[in-house]
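According to the UniProt record's numbering, the sequence shown is numbered sequentially starting from 1.
Using N, Cα and C, we set each Cβ at its ideal position, and we do this for glycine too.
Computed from a predicted model, the values in this text were never measured in an experiment.
Structure, as structure tokens:
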Amino acid sequence: MKILSPCALGATLYMPATRVDLLDVVFRGKLPELRSLVVCLEDAVAAIDVETALSNLHVLLSAINDRGGRPADGPLLFVRPRDSGMAAVLNDWPLMKHVDGFVVPKLTLRNLGAWEQAVTNPELFLMPTLETADVFNPVAMVELGQALKANLNHRIIALRIGGNDLMGGLGLRRNPATTLYSTPMGYVIPMLAGVMGSQGFALTAPVFEQLATPNLLSEELELDIAHGLVGKTAIHPSQISIIQDMLRVSLEDLNSAKLILSDIAPAVFKHNDVMCEPATHFKWAVKILERAEWHGVRQPDAVHGDAPIRLAEVAR
């Protein structure tokens, strides 16, 4: 089974399976900067349109097959089934060989077994979404994390935090003038970062639903990154470049990470007036290099929209 880095996700755009332009996105005719695409059969599709959406998905995968597969430089492709029953059907489609995996909606410890039985194809990765009332309970999250590690750990790229569903469960909607961290998600996100992050899971950040305040999106992304989140759901194509620009690594962090990972690094040393301790900062440094590989390095004088230096490209 291939390995996918959670940093490869970048901005993840959800598109209803009823859309007719999905093939253009897969083959970079549209949104060439997009890193990951989710074809949604769940919340984005009305019950009356499910059969049409399934048919459209089959048409999409058939077209990909006719072209000899997805392009190597195209976005990662995921499908979000409506439930485990639909996932079991899709799991057996031969054309699913052109899909990287499933986004699992509303995963809980109670329905985990049904999903394990439904998705038996070992080539399909999973991105469970944490968006039910259980998520507010850290004990439930510890138990869910342990269950995921026991049976599915090698197939999980990242856990997605479903901020809108979690807020909706509280009867709330974010204030358009503040970040999500000024809501009860200011408790949930750090808790998940600690509980699930300590078990080795990467997490992605909830969607930012305001389109008129890109500066506030950037502010929220700074907090996402400070909590160790590796990507963010995009609600509109205009957010893609903002998200992926913010995920770039600063040159100062890159240099610090390289020094920490050096074979000749002392036990404790000072760099740019900051104390570095390789034994403590090792994991941070590894993650910084991985982010730099996928998203590039933000130059000191760079402005928004400048092309990043991507280490993966330099290496080639």
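- Under the three-state reduction of DSSP, ILE161 is assigned to strand.
- Excluding sequence positions up to five before and after LEU31, its CB lies within less than 6 Å of the CB of VAL25 and PRO237, all in the same chain and listed in chain order.
- Inter-residue distance for ARG174 and GLU290 is about 32 Å (C-alpha atoms, whole angstroms).
- The beta carbons of LEU77 and LEU9 sit no closer together than 8 Å.
- Non-local beta-carbon contacts of LEU259 in its own chain, meaning distances under 8 Å to residues more than five positions away in sequence, involve ALA265, PHE269, HIS271 and CYS276 in chain order.
- Taking a contact as a CB-CB distance under 8 Å, the pair MET127 and VAL195 does not count as one, their CB atoms being some 18 Å apart.
- The secondary-structure analysis by DSSP pairs LEU13 across a beta bridge with LEU37 and ALA234.
- When THR183, THR108 and ALA285 are compared, the shortest CA-CA separation from SER262 is found for ALA285.
- Of the candidates LYS106, PRO71 and LEU57, LEU57 places its Cα closest to the Cα of TRP93.
- For LYS270, the enclosing beta strand (DSSP E) stretches over residues 269-271.
- Taking C-beta separations shorter than 8 Å and ignoring five residues to either side along the sequence, the partners of GLY186 in its chain run LEU180, following chain order.
- In the structure shown, ALA46 adopts coil according to DSSP, grouped into three states.
- Rounded to the nearest whole angstrom, the CA to CA distance from ILE161 to GLU42 is 16 Å.
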